[in-house]
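Written out below as structure tokens is the structure these notes cover.
Number of protein chains: 4
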Amino acid sequence: MPNSFGKLFTITTWGESHGAAVGVVIDGCPAGLAITADEIQVELDRRRPGQSDIVTPRKEEDRVEILAGVFEGKTMGTPISLLVRNADQRPGAYDEMREKFRPSHADFTYQAKYGLRDHRGGGRSSARETIGRVAAGAIAAKILRLANGVETRAFVTQVHDISAPLEALAKFPTLAEVEATAVRCPHPATAAAMIERIKAVRSEGDSVGGVIECRVRGLPAGLGEPVFDRLEADLAKAMLSLPATKGFEIGSGFSGTRLKGSEHNDAFETRDGRVRTVTNRSGGVQGGISNGEELVFRVAFKPTATILQPQKTVDIRGAATELAARGRHDPCVLPRAVPIVEAMTSLVLLDHWMRQHAQNQTFKF
Amino acid sequence: MPNSFGKLFTITTWGESHGAAVGVVIDGCPAGLAITADEIQVELDRRRPGQSDIVTPRKEEDRVEILAGVFEGKTMGTPISLLVRNADQRPGAYDEMREKFRPSHADFTYQAKYGLRDHRGGGRSSARETIGRVAAGAIAAKILRLANGVETRAFVTQVHDISAPLEALAKFPTLAEVEATAVRCPHPATAAAMIERIKAVRSEGDSVGGVIECRVRGLPAGLGEPVFDRLEADLAKAMLSLPATKGFEIGSGFSGTRLKGSEHNDAFETRDGRVRTVTNRSGGVQGGISNGEELVFRVAFKPTATILQPQKTVDIRGAATELAARGRHDPCVLPRAVPIVEAMTSLVLLDHWMRQHAQNQTFKF
Amino acid sequence: MPNSFGKLFTITTWGESHGAAVGVVIDGCPAGLAITADEIQVELDRRRPGQSDIVTPRKEEDRVEILAGVFEGKTMGTPISLLVRNADQRPGAYDEMREKFRPSHADFTYQAKYGLRDHRGGGRSSARETIGRVAAGAIAAKILRLANGVETRAFVTQVHDISAPLEALAKFPTLAEVEATAVRCPHPATAAAMIERIKAVRSEGDSVGGVIECRVRGLPAGLGEPVFDRLEADLAKAMLSLPATKGFEIGSGFSGTRLKGSEHNDAFETRDGRVRTVTNRSGGVQGGISNGEELVFRVAFKPTATILQPQKTVDIRGAATELAARGRHDPCVLPRAVPIVEAMTSLVLLDHWMRQHAQNQTFKF
Amino acid sequence: MPNSFGKLFTITTWGESHGAAVGVVIDGCPAGLAITADEIQVELDRRRPGQSDIVTPRKEEDRVEILAGVFEGKTMGTPISLLVRNADQRPGAYDEMREKFRPSHADFTYQAKYGLRDHRGGGRSSARETIGRVAAGAIAAKILRLANGVETRAFVTQVHDISAPLEALAKFPTLAEVEATAVRCPHPATAAAMIERIKAVRSEGDSVGGVIECRVRGLPAGLGEPVFDRLEADLAKAMLSLPATKGFEIGSGFSGTRLKGSEHNDAFETRDGRVRTVTNRSGGVQGGISNGEELVFRVAFKPTATILQPQKTVDIRGAATELAARGRHDPCVLPRAVPIVEAMTSLVLLDHWMRQHAQNQTFKF
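So the protein lines, in turn, are chains A, B, C and D.
Add 231 to the 1-based position in the first sequence for the working numbering, that's all there is to it.
Add 231 to the 1-based position in the second sequence for the working numbering, that's all there is to it.
Add 231 to the 1-based position in the third sequence for the working numbering, that's all there is to it.
Add 231 to the 1-based position in the fourth sequence for the working numbering, that's all there is to it.
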């Protein structure tokens, strides 16, 4: 089921960018949770087009409808079906793509795999697919919050070659700090520079990428299933399943490879009455299982493939040609990707929470 | 099934480090493949202890037995059961770990999750678990080779702060080049420096990490299942499911985040009669689907957690204490991790190969 | 994923009886299949209310909409999302059920499991859930027909104590013969008696059950996956997952238990140039794998639980009370269940077809 | 994973009849359960050959070894690997089957599916495969017993045309009553007649089938996952995945199709302080979910396919020939199938128990 994610809290997304609608079916949501379309909408509004002057100006409201699974305001344990109608479509803008492959897009690979494709706006490979993920993630996040006060916070730490200073990221940012700027970097000076850079590349018809960091606090020790379903393995899969991602690292990540063991190991101590680590180079996970420290990981996003400059490519017959995108695109996907990273994180964590309870907390021998 | 991996070519590993044996059951292997224990042994010998003077000197032969699924030299389509007996165990060496948590190991998290654990050598969290992966990967690799000449090559590109020069990695290394040195870096001068460094840190009772790169050639366009089972997502999960890994990146990875779209995009051209990309910053995958270019990704390994220097920690009652490992450990896991990375890659690719055929090549409308 | 069925051709159904809509997401449908809403509608019309004078007179058109997965008339390999709006709802008719458990319905068990329920028309336990199955089954059936001329035919062989004579079922009935009568029994004299009986029990406010037989021809030898995913095991699960079913038997079934081995075994012979069995007590399956003979199985349906006579029950507080259904119900579910049995059969067979190709026909060693 | 069963408590069986060994890997077993090889052996002894004078006289001890997953007498939450060596093999006895297909066995279908097969004793299609199921079932049964006092009891109710009288089955039989006779029918007079019949057909070189009933008490209301993973659907799949089974029915089953709704419905009442049904035609399940009443179902087994009389068949080239089995076979599989039916029942129930806890008892909103 390539369009499904999660073992116990399972989502199945569907829909093409320029079809009638996109949506998600959530299977396995616990019964009795109070949830409204408005609560879900809050997260969708964080990812929708047109929310600021550094994202695509497309005018899509992305209003979510709950079609099933909720009765008199509460989940019933039955599948939750959510739908968002597509709007503000200008399919004519894509006529050229019927014949030509956009560089570093999925046009060629979809054609190679399936023998045909919906060329309008990338069809299924469009980031509109992530609407269902964000909607489902909003529900998962609420459950985690109610169950244990789990709090997930993603934010932009790098855009192009502009990075937030390490000391600025020393503490867990508040939601307000993240939402304070359009670029969702909680360090105001860095955010200002990032915004300026995004506007500059946009004016050149170009694009930039960057890095999102995600942290989770309130997670108990014990989540994650060795050996293949390690918590970091499932997070890595979740993140690399997002459009435009090229890398994932947890804790010390790639830079930790330059330390010695004696510098890298996290010593244990007893603090606040429980076993804690003095440092957190592990990023909250050891042996694939959460250790009760803050979960910390980072995701690399490439520069947006759609640029307004003319590019060399081939058409579906293989003949050399040229292509220039027009119109309304994100010069940098990171600001809108922040709620998507959070959503995928919540989906992974809730699924593992339920698995941990099923196997290890249900039976007391 | 946390101990299983793969949807159509599925492996299930079992076994603790100091139990009677470790093993793997392979479900879904095509029938009719000629395979012998000796062919599997070749790969196990590349990961076994004691193979060189920079890895652990433990004396385990790791001889594989085929218990089921092969008849008169051929696979039958039934589950293949492989077993390797554990040997050269000195469980007494672990008595101290019954009471103390080793820093940056899985001792504490297993205890937190399950309420008990096998303290001898890490039990299930030991890298001995990967024996089953390597054995199964040897079979998957043979099928891929027979089916399309697919060739997978992993090698060490960085140890501590020593990296192979980029130009040294311009071409696909031969197996002989990789196997020429104990550290499995195909650039001889770099390999010599790496070996020297590993010996130096070992003499200090310390350890180092590094980076393994993996490349695959011969892969057709069309492998990978959007949207969640993208090829890079499944590779990321496979790699982060390995002990000691902290990061994964494909193609341009984290460094690609510093390019502009106009610099990063891979232009298409027709070459050798088929659609090719001029550059390969995508790393062989676009939209989650292979594009027929070389697959290129990298994996970050932290320094070995086991070091011979005394470290601060707590015991199972939370009291502060100190711990120093003794004996026989890998000062750097990367040389032995090379065949493991290759094995996981083959497992992911064969699984996607079978999925691609089931859905998209079985029916011609 | 309790609301999903199938490993490679996977359906996920959603929706409550009196919610906004019911629907299905199909994941894994091969690309390139020409399909229209009208083709799907044909099968939905065979299961919809109001189609004859022996089924419920509810007026629901059950018009299917294709929301995703089909572009310019062809499937794209992406998820197909189908939706049917609910209509002609009289939720007020169910006010009494908010407080009372209907005997032999799922009211009590849903309440026990989830702690709450949608009391209107059974909510998720309603047979309206099968709309998605029938819609998906129509697509699966078309693929099987195109791939190998596979033909699936279900029909009613018993209603209450009226059974079609064995000799009447000697041959594979045509679709026209099945559709000739409202009860979908291909033996006209028996059909007439069944219809009379159904009308008689309806006039008493009572209900009846019966047996549906299903046969499949055109199936090659080799479908079915030992040991757990035997073809008959997956068919049994599919049938017992339908509302109101109480039994499943394949080939000789329960009556075959009264034969000796020498009477029951199906001798092999070569006929029409291929290996065939002389008899077919196996029902087309041996060792869990199709043998190329006609697939033959039967499904037992209990009498409709909803009857218009007053029945003793308890309310949600456990107090004794009485309940009498009103209104518009099927006095016998079998006529409308015929296309549902066919749909589930097609879903099982296509899934196994794809699995057989992935594992055993993709690689030729 | 066709050789795996269960979603949270998952077993994977492996091994051919005349290979080195058969075994099972159990993934998802809760940690902390005290279990010994001897406890598992008790159930294996109930299914092993040579246990009485009405089963095959083969001399296999079927001693189970625990290779992994248990440490110092307790499960660790890691995979449990169990192995039974094959013994008393007379592979020469099967030379003829290399060339000839045994009627109503899986020889032809395995050959058709895989293109080759292990002809010795049926290879993977042999009932020896069920050893792993019984071993795993013993563990599952212990957990269910400890968790809620759940008790599962299967027994033979029919052999050939000899059935136990209904009144004899009115109460839940004790284990001692079932084990009192070699045929495992708790009604002594019927058991004597069954044993006589089995000996009579054996002396003719023939075989017989029959029916096993299985009951479970102590099960709470709420187990079972609508809509596809209904409890009866998963039980039906489990039973039809056993060799030689041809039918499954729950509660009133096929005979219930001859009742009217007013006769068939189970009225609710409050009894012993909880909601109960007056009758139990539902067999303990309504809407796919357990209702707290006794679970009651029946399984049809065909007569053993192996008979000592000569039978017409074809060889692997399709030429007509004749075949007569020699030697040591069960003239009736039912006595040895009783612990197998119980094992599969425990596996289904424990899996659903864990699923119910994960989704519906973990979170209290």
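Glycine included, C-beta positions come from ideal geometry on N, C-alpha and C.
Exercise for review: With a cut-off of 8 Å on the beta carbons, I'd call C260(B) and I362(B) a contact; round off their distance for me.
Suggested key: 18 Å between Cβ atoms; not a contact.
Review point. When you compare only the Cα positions, how much space is there between G308(B) and L397(C)?
Key: In a straight line, the C-alpha of G308(B) is about 39 Å away from that of L397(C).
Practice item. May I ask you to list, following chain order, the residues of the stretch 320-336 of chain C that have a beta carbon less than 8 Å from some beta carbon of chain D? Key: For chain D, the residues of the stretch 320-336 of chain C that bring a beta carbon within less than 8 Å of one of its beta carbons are F332, P334, S335 and H336, in chain order.
Point to revise | Interface partners of S312(D) on chain B, CB under 7 Å | key: Going along chain B in sequence order, the residues near S312(D) (Cβ under 7 Å) are W245, G246 and G254.
Check your understanding: Hey, is P261(A)'s beta-carbon within less than 8 Å of any beta-carbon in chain D?
Key -> Yes, its Cβ sits closer than 8 Å to a Cβ of chain D.
Review point. Taking Cβ-Cβ distances shorter than 8 Å, what residues in chain B pair up with F386(D)?
Key: Per Cβ cutoff of 8 Å: no residues; F386(D) is ~32 Å from chain B at best.
**Study point:** Reduced DSSP secondary structure (H/G/I, E/B, other) of K402(B)
**Key:** Residue state for K402(B) is assigned as coil, using DSSP reduced to three classes.
Check your understanding: How about L526(C) and F596(B): are their beta carbons less than 8 Å apart?
Key -> No, these two residues do not count as a Cβ contact at 8 Å.
Check your understanding: Hey, is the stretch 575-586 of chain B in contact with the stretch 464-480 of chain B, meaning 3+ C-beta pairs nearer than 8 Å?
Key -> Counting Cβ pairs under 8 Å, three or more are found: they touch.
Practice item. Return the chain-ordered list of same chain residues with a C-beta closer than 8 Å to the C-beta of N496(D), the five sequence neighbours on each side being excluded. Key: These residues qualify, in order along the chain: R512.
Exercise for review: Closer than 7 Å by beta-carbon distance: list the chain C residues that pair up with V432(D), in chain order.
Suggested key: Going along chain C in sequence order, the residues near V432(D) (Cβ under 7 Å) are K491.
Exercise for review: Report the partner residues of C563(D) according to the DSSP bridge assignment.
Suggested key: Its beta-bridge partners do not exist; DSSP assigns none.
Review point. Is the stretch 478-490 of chain C in contact with the stretch 472-484 of chain D, if contact means three or more CB pairs nearer than 8 Å?
Key: Flag = yes, the stretch 478-490 of chain C and the stretch 472-484 of chain D touch.
Point to revise | Proximal residues of chain A, C-beta to C-beta of V572(B) below 8 Å | key: Chain A residues near V572(B): none, gap ~14 Å exceeds 8 Å.
Point to revise | D582(B), DSSP secondary structure in three states | key: D582(B) sits in a helix when the DSSP states are folded into three classes.
Exercise for review: For L466(C), write down the residues that DSSP places opposite it in a beta bridge.
Suggested key: Under DSSP, L466(C) shares a beta bridge with no residue.
Point to revise | Sequence-distant residues of its chain with Cβ nearer than 8 Å to H418(D) (five each side left out) | key: Closer than 8 Å at the Cβ level, and outside the excluded window around H418(D), lie A395, P396, A399 and L400.
Exercise for review: State the beta-bridge partners of V256(C) as determined by DSSP.
Suggested key: V256(C) is bridged to T243(C) and S312(C).
Review point. Assuming A531(B) contacts V442(B) under a Cβ cut-off of 8 Å, what Cβ separation, rounded to an integer in Å, is found between them?
Key: At roughly 6 Å, the Cβ-Cβ gap stays under 8 Å, so A531(B) and V442(B) are in contact.
**Study point:** Residue range of the unbroken beta strand (DSSP E) whose run includes Q389(B)
**Key:** Secondary structure note for Q389(B): its beta strand (DSSP E) is the uninterrupted segment E382 to V390.
Check your understanding: Going along the chain, which residues of its own chain have a beta-carbon closer than 7 Å to the beta-carbon of V432(B), five neighbours each way excluded?
Key -> Here the set comprises S438, V439 and P562.
Review point. Taking 7 Å as the line, does the beta carbon of P396(D) fall inside it for any heavy atom of the ligand HEM?
Key: Only the bare structure without any ligand can be found here, which leaves the ligand HEM out of the picture.
Practice item. List the whole-angstrom C-beta distance separating T367(A) from A574(A), where the pair is believed to meet the contact cut-off of C-beta under 8 Å. Key: Note that residue 367(A) is Ala in the sequence shown here, rather than Thr. The C-beta separation of A367(A) from A574(A) comes to about 7 Å, placing the pair in contact by the 8 Å criterion.
Exercise for review: Could you tell me if T267(D) is buried or exposed, where buried requires 16 or more neighbouring beta carbons within 10 angstroms of its beta carbon?
Suggested key: T267(D) comes out exposed.
Review point. Is there a Cβ from chain C that is less than 8 Å from the Cβ of F302(A)?
Key: Taking CB atoms only, F302(A) has a neighbour in chain C less than 8 Å away.
**Study point:** the stretch 363-385 of chain A: positions lying closer than 9 Å to chain D by Cβ
**Key:** Sequence-ordered contacts of the stretch 363-385 of chain A with chain D read I374, L377 and A378 [C-beta pairs closer than 9 Å].
Review point. Using the C-alpha atoms, what's the distance from C445(C) back to K402(B)?
Key: About 60 Å.
**Study point:** Extent of the continuous alpha helix (DSSP H) run through F365(A)
**Key:** In the sequence as presented, Phe is not what sits at residue 365(A); that position holds Val. Segment T361 to N379, the alpha helix (DSSP H) holding V365(A).
Review point. Does the Cβ-Cβ distance between L578(C) and A469(C) come in under 8 Å?
Key: It is a contact, given that the beta carbons lie within the stated cut-off.
Practice item. List the DSSP bridge partners of A531(B). Key: Its beta-bridge partners are V442(B) and G478(B).
Point to revise | Any C-beta of chain A under 8 Å from that of T535(B) | key: Yes, contact with chain A.
Check your understanding: According to DSSP, is A337(B) helix, strand or coil?
Key -> DSSP, read as helix, strand or coil, puts A337(B) in coil.
**Study point:** Residues that V506(A) contacts on chain B, provided the C-beta gap is smaller than 7 Å
**Key:** Ordered by position in chain B, the residues that pass the 7 Å Cβ test against V506(A) are F339, V545 and G549.
Practice item. Please state whether DSSP places Q517(D) in a helix, a strand or coil. Key: Note: Q517(D) maps to strand in three-state DSSP.
Practice item. Could you work out which residues of chain B lie near N591(C), taking near to mean beta carbons separated by less than 8 Å? Key: Chain B residues near N591(C): P261, A262 and G308.
Check your understanding: For G250(C), which residues from the same chain have a beta carbon less than 7 Å from its beta carbon, with the 5 sequence-adjacent residues on both sides left out?
Key -> Listed in chain order, the non-local C-beta contacts of G250(C) below 7 Å within the same chain comprise N317, local neighbours out to five positions each way being set aside.
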